[in-house]
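Working notes, beginning with the structure itself.
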Amino acid sequence: MTYPTPGPNVPYGINPQYDPRMARAAQLAESARNWLIICGIGWFVGFMWITGPLAWYQANQFTRDFETMGLAPPSEVTNLRLLGIITTIVVAVGFFVLLAVLAVMFIGFASYGGFNPR
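The following block contains the structure:
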């Protein structure tokens, strides 16, 4: 869903079709689109450990702002939230797998005799 951007001012005051809520909604939708791009780039450059949780947080902020204005959040916000959740889960699982591998390696070295605390 796209929100209209405000048009030019009429000669005597503000355009009667101008709605400040729609202008703010258009700004929020554009910010959500930018965050979606940032999170997608984070997957390719290896910064998904920071862009995922930030995208999830920002999507919740955007959703709250849209609900405050009485509008339904656009699909960009929903997609950003899903991408943030998926990215955060992938990073958390990868972190725990790394910890498990390191623990197995440490236990393996200790049982083999390579670790002798004296």
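For the sequence shown, this note's numbering gives the first residue as 1472, with consecutive numbering after it.
We put the CB at the ideal spot given by N, CA and C, even for glycine.
With 16 other Cβ atoms within 10 Å as the buried cut-off, status of residue i
i     : result
L1573 : exposed
Q1498 : exposed
M1576 : exposed
F1533 : buried
G1523 : buried
G1579 : exposed
G1513 : buried
Distance between beta carbons of residue j and residue i, contact taken as under 8 Å
i     : j     : result
L1551 : L1507 : 5 Å
M1519 : V1548 : Actually they do not touch by this definition, with Cβ atoms about 19 Å apart.
M1540 : A1496 : 6 Å
Minimum C-alpha distance to residue i - residue among the options
i     : options                       : result
P1545 : T1539, L1553, A1503 and G1555 : A1503
Q1529 : L1554, A1543 and G1517        : L1554
A1500 : L1542, A1571 and G1565        : L1542
F1515 : P1491, R1535, F1580 and T1558 : T1558
W1527 : S1582, G1511 and P1491        : G1511
V1536 : G1565, A1571, R1492 and G1513 : Reading off the sequence, residue 1536 comes out as Asp, not Val. Of the candidates G1565, A1571, R1492 and G1513, the one whose C-alpha sits nearest the C-alpha of D1536 is R1492.
I1521 : Y1583, Y1489 and I1556        : I1556
For residue i, three-class secondary structure by DSSP
i     : result
V1574 : Reading off the sequence, residue 1574 comes out as Ala, not Val. Correct three-state label for A1574: helix.
L1569 : helix
L1542 : coil
For the region 1477-1535, list the alpha helix (DSSP H) runs that are entirely contained and at least 4 residues long, ordered along the chain. 1491-1516
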